[in-house]
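In numbering that gives the first Met the number 0, the protein residues as written are 0 to 456. C-beta: ideal position from N, C-alpha, C; glycine also.
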Amino acid sequence: MGFDLGELLEHRMRDGYELHARYVNPQLPAMLRAIGFDRNYRKAYGAILIDDSGLEYLDLLAGFGVAGVGRNHPVVRKTLEYVLNGEFPDLVQFDCPPLAGLLAEQLLKRAPHLGRVYFCNSGTEAVEAALKFARFATKRPRVLYLEHAYHGLTAGSLSVNGNAEFRNGFGPLLADTAIRMGDLDRLKRELRRGDVAALIVEPIQGKGVYLPPPGFLLEAQDLLRQYGALFICDEVQSGVGRTGRFFAYEHEGLEPDLVTVAKALSGGFVPIGATLGRNWIHERVFSSLDRVLVHDSTFGANNLAMAAGLATLAVIDEEDLISRAASSGEFLINELRDRMHRWELLSDVRGRGLMIGFEFASPKSWQLKPGWWASETIRRGLFAQAVVLALFHRHRVLTQVSGDRVNIIKLLPPLGISDEQIKWFLDAFDEVMHDAHRSKGLIGQMAMTFARGVAHR
0 MGFDLGELLE
10 HRMRDGYELH
20 ARYVNPQLPA
30 MLRAIGFDRN
40 YRKAYGAILI
50 DDSGLEYLDL
60 LAGFGVAGVG
70 RNHPVVRKTL
80 EYVLNGEFPD
90 LVQFDCPPLA
100 GLLAEQLLKR
110 APHLGRVYFC
120 NSGTEAVEAA
130 LKFARFATKR
140 PRVLYLEHAY
150 HGLTAGSLSV
160 NGNAEFRNGF
170 GPLLADTAIR
180 MGDLDRLKRE
190 LRRGDVAALI
200 VEPIQGKGVY
210 LPPPGFLLEA
220 QDLLRQYGAL
230 FICDEVQSGV
240 GRTGRFFAYE
250 HEGLEPDLVT
260 VAKALSGGFV
270 PIGATLGRNW
280 IHERVFSSLD
290 RVLVHDSTFG
300 ANNLAMAAGL
310 ATLAVIDEED
320 LISRAASSGE
330 FLINELRDRM
340 HRWELLSDVR
350 GRGLMIGFEF
360 ASPKSWQLKP
370 GWWASETIRR
380 GLFAQAVVLA
390 LFHRHRVLTQ
400 VSGDRVNIIK
410 LLPPLGISDE
420 QIKWFLDAFD
430 EVMHDAHRSK
440 GLIGQMAMTF
450 ARGVAHR
């Protein structure tokens, strides 16, 4: 066979942005070019990305949490090479391959109150399964979710998405209801109607890195039990060690009925999703031979995904990444909180483990107010965008704004990020903040740049 992927990439590596503009989503390359993020990354390891000119970038996003064990981890790579070289049969469909059973066994060891696992290809598919299972098991139609929630973008998960920018234009959606985080009275009122199948929550909300009020989730769980509704914890981003526990719900002392997992379980290589649930829920859904495939995914338990998951769990244990995430996260959060006294624009730092958000707010100093007001008048959240751009262009640190029209930056670095890499970020952050707190520094420059852009348009 004449196909040579290496040769193809050698000739076309620099064509990615043009190919996307022509054949995929033209808005993506347009956006990346507009903000100067249009790099061609050629290699990666751990928390480092390397572009085609050999420059190294500190990756504090980890692919939205996908590369939890770091990029191109050698153990995960070796495991996948073993599966490919073994020429094992895959996706036969009429068999029970051992890898899926082994991964389910390992996941349930980490959630001993649950008994079954359904495998799929992504976080949003795992949420879809949880919603379907909850509605079927309870024979109730409605699911409650929290404001600001993000559970995915397919039709069912979009119905429990608390961000209007994702929902607009895609209705009608499922008959679901949003409640404010912490509002137990509203939760009780909705449950009294008798038609609620479940409440779905992120133990830490990804959009904004919002933590629940102390005790709220535990009391919500008790109310759900009282009214016969199920409790779903979406651990797609917060799970697999991210917060210093394997599951973030462990911080709250919870025992949810259904748990969704994805992202970091992939090892950064192969798409995977999983829905863990109580035995009785699965037994109701898959109640007979006639219903054996009532909910299924063609690629869901493929050998590469299952092997990647097993290798990822082994790496997390062998490298003690959960403890490292806890200690590194505590250090990083404390360092950022200490800087709140130094940088008045920095108003809040929150998170658990290595799921961290820091927020900016209007300054008290009159010399800083005009620039802040100018940027917020153009578009709310522009100051945080300016910080993200400065971190990237000046210091080659990749971060993101955590949602639309918010001045919150989110950090999701690999769990094994080193002390030196944390220092790299903190030094970069201090330089950008120092500039931002000059009257004609970052905030003024950014406001003028965007004002000129708006005027030109």
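Quiz item: Ends of the beta strand (DSSP E) at residue 196?
Solution: Along the sequence shown, read from residue 1 onward, the residue named residue 196 stands at position 197. Run containing residue 196: 195-200, per the beta strand (DSSP E) assignment.
Quiz item: First and last residue of the beta strand (DSSP E) that includes residue 100?
Solution: In the sequence shown, counting from the first residue as 1, residue 100 sits at position 101. No beta strand (DSSP E) holds residue 100; the alpha helix (DSSP H) holding it covers 97-108.
Quiz item: Using a Cβ-Cβ distance under 8 Å, would residue 273 count as near chain C?
Solution: Protein chain content of the structure displayed is limited to a single chain, and chain C is not contained in it.
Quiz item: To the nearest angstrom, how far is it from the Cα of residue 242 to the Cα of residue 2?
Solution: Residue mapping note: residue 242 aligns to position 243 of the sequence shown, counting from 1. Residue mapping note: residue 2 aligns to position 3 of the sequence shown, counting from 1. In a straight line, the C-alpha of residue 242 is about 44 Å away from that of residue 2.
Quiz item: If you run the structure through DSSP and keep just helix, strand and coil, what is residue 400?
Solution: As a position in the sequence shown, residue 400 is number 401, starting the count at 1. In the structure shown, residue 400 sits in a strand (DSSP, three-state: E or B).
Practice problem: Starting from the C-beta of residue 120, find all residues in its chain whose C-beta is less than 8 Å away, skip the five residues before and the five after it, and write them out in chain order. | Solution: Here residue 120 corresponds to residue number 121 of the sequence shown, with the count starting at 1. Result list for residue 120: 270, 271, 272, 296, 298, 299 and 304, in chain order.
Quiz item: Whose C-beta lies closer than 7 Å to the C-beta of residue 40 among residues of the same chain, with five residues either side of it excluded?
Solution: Counting from 1 along the sequence shown, the entry for residue 40 is found at position 41. For residue 40, where only same-chain residues beyond five positions count, the Cβ hits under 7 Å are 48, 49 and 50.
Quiz item: Which value, in whole angstroms, describes the spacing of the CA atoms of residue 455 and residue 359?
Solution: Translated into positions along the sequence shown, residue 455 becomes position 456. Translated into positions along the sequence shown, residue 359 becomes position 360. Reliability fails at residue 455, whose pLDDT of 40 lies under 50, so the model's placement of it is uncertain and the value that follows must be treated cautiously. Roughly 28 Å separates the two Cα atoms.
Quiz prompt | Nearest residue (CA-CA) to residue 330, options 420, 317 and 307 | solution = Stepping through the sequence shown from its first residue, residue 330 is reached at position 331. That would be 420, whose Cα lies nearest to the Cα of residue 330.
Quiz item: At what residues does the alpha helix (DSSP H) containing residue 368 begin and finish?
Solution: Within the sequence shown, numbered from 1, the residue matching residue 368 stands at position 369. Its alpha helix (DSSP H) spans residues 368-377.
Quiz item: Shortest alpha-carbon distance to residue 126 belongs to which of 114, 144 and 113?
Solution: As a first step, residue 126 is located in the sequence shown; it is residue number 127 there, counting from the start. Looking at the Cα atoms, 144 is the closest of the given residues.
Quiz prompt | Alpha-carbon spacing of residue 408 relative to residue 437, whole angstroms | solution = Taking the first residue of the sequence shown as position 1, residue 408 is located at position 409. Taking the first residue of the sequence shown as position 1, residue 437 is located at position 438. Taking the straight line from one Cα to the other gives about 21 Å.
Exercise. Compute the Euclidean distance between the alpha carbons of residue 46 and residue 434, then round it to the nearest angstrom.
Key: One-based indexing of the sequence shown puts residue 46 at position 47. One-based indexing of the sequence shown puts residue 434 at position 435. Each residue's Cα considered, the two are about 26 Å apart.
Quiz item: Contact between the stretch 127-140 and the stretch 217-236: three or more CB pairs below 8 Å?
Solution: yes
Quiz item: CB-CB under 6 Å to residue 105, same chain, minus the five flanking residues each way: which ones, in chain order?
Solution: Working through the sequence shown from its first residue, we reach residue 105 at position 106. 312.
Self-check item: Backbone secondary structure at residue 42 - three-state DSSP
Solution: As a first step, residue 42 is located in the sequence shown; it is residue number 43 there, counting from the start. Correct three-state label for residue 42: strand.
Quiz prompt | First through last residue of the alpha helix (DSSP H) which encompasses residue 14 | solution = Position 15 of the sequence shown, counting from 1, holds the residue named residue 14. Taken as a continuous stretch (DSSP letters only), residue 14 belongs to no alpha helix (DSSP H), as it is neither H nor E.
Practice problem: Just the C-alpha distance for residue 4 and residue 52, rounded to the nearest angstrom, thanks. | Solution: As a first step, residue 4 must be located in the sequence shown, where it is residue number 5. As a first step, residue 52 must be located in the sequence shown, where it is residue number 53. For residue 4 and residue 52, the distance between alpha carbons rounds to 21 Å.
Quiz item: Quick one: is residue 411 buried, meaning 16 or more other Cβ sit within 10 Å of its Cβ, or exposed?
Solution: Residue numbering aside, residue 411 sits at position 412 when the sequence shown is read from its first letter. By the neighbour-count rule (16 or more Cβ atoms within 10 Å), residue 411 is buried.
Self-check item: Every unbroken beta strand (DSSP E) within the stretch 32-77, with a cutoff of 3 residues, ordered by chain
Solution: 40-44, 47-50 and 55-58
Quiz item: How would you call residue 277, buried or exposed, if buried means at least 16 neighbouring beta carbons within 10 angstroms?
Solution: Within the sequence shown, residue 277 is the residue found at index 278, counting from 1. Residue 277 should be labelled buried.
Quiz item: Can you pull the DSSP bridge partners for residue 431?
Solution: Position 432 of the sequence shown, counted from the start, is the residue given in the question as residue 431. According to DSSP, which records beta bridges pairwise, residue 431 is partnered with nothing at all.
Quiz prompt | Meets three-Cβ-pair contact criterion under 8 Å: the stretch 188-205 and the stretch 145-164 | solution = yes
Practice problem: Give a yes or no on contact between the stretch 338-349 and the stretch 358-378, applying the rule of three or more CB pairs nearer than 8 Å. | Solution: yes
Exercise. In the DSSP assignment, find the unbroken beta strand (DSSP E) run with residue 260 in it and report its ends.
Key: Stepping through the sequence shown from its first residue, residue 260 is reached at position 261. 257-260 is the span of the beta strand (DSSP E), which, as asked, contains residue 260.
Exercise. Evaluate contact between the stretch 70-77 and the stretch 313-333, counting only Cβ atoms and requiring at least three cross-stretch pairs below 8 Å.
Key: yes
Quiz item: By how many angstroms is the C-alpha of residue 128 removed from the C-alpha of residue 279?
Solution: Sequence index remark: in the sequence shown, residue 279 carries index 280 (1-based). Sequence index remark: in the sequence shown, residue 128 carries index 129 (1-based). Approximately 15 Å, taken between the alpha carbons.
Exercise. Count the C-beta pairs between the stretch 205-217 and the stretch 244-251 that are closer than 8 Å, then say yes if the count reaches three, no if not.
Key: yes
Quiz item: Whose C-beta lies closer than 7 Å to the C-beta of residue 371 among residues of the same chain, with five residues either side of it excluded?
Solution: For the purposes of this step, residue 371 is identified with residue 372 of the sequence shown, where counting begins at 1. Closer than 7 Å at Cβ, skipping near neighbours: 361, 362, 382 and 442.
Quiz item: How would you label residue 235, buried or exposed, when you count the other beta carbons within 10 angstroms and need 16 or more for buried?
Solution: Working through the sequence shown from its first residue, we reach residue 235 at position 236. Residue 235 should be labelled buried.
Self-check item: Same chain, Cβ closer than 6 Å to residue 240, neighbours up to 5 away in sequence not counted
Solution: Here residue 240 refers to the residue found at position 241 of the sequence shown. The answer, listed in chain order, is 315, 320, 321, 324 and 414.
Quiz item: With distances taken between CB atoms, is the gap from residue 60 to residue 399 smaller than 8 Å?
Solution: Here residue 60 refers to the residue found at position 61 when the sequence shown is read from its first residue. Here residue 399 refers to the residue found at position 400 when the sequence shown is read from its first residue. Closer than 8 Å, so yes.
Quiz item: To the nearest whole angstrom, what separates the beta carbons of residue 431 and residue 373, a pair I think is in contact under 8 Å?
Solution: Against the sequence shown, residue 431 aligns to sequence position 432. Against the sequence shown, residue 373 aligns to sequence position 374. 18 Å between Cβ atoms; not a contact.
Quiz item: Looking at residue 290 and the ligand GTP, is the gap between the Cβ and the nearest heavy atom below 7 Å?
Solution: By its list of ligands, the structure shown contains no ligand whatsoever, and the ligand GTP lies outside what it can speak to.
Quiz item: What do you reckon, are the CB atoms on residue 301 and residue 89 nearer than 8 Å?
Solution: Within the sequence shown, residue 301 is the residue found at index 302, counting from 1. Within the sequence shown, residue 89 is the residue found at index 90, counting from 1. Cβ distance < 8 Å, so residue 301 and residue 89 count as in contact.
Quiz item: So what's residue 315 in DSSP terms, helix, strand or just coil?
Solution: Here the question's residue 315 lines up with position 316 in the sequence shown. The answer is helix: DSSP assigns residue 315 an H, G or I state.
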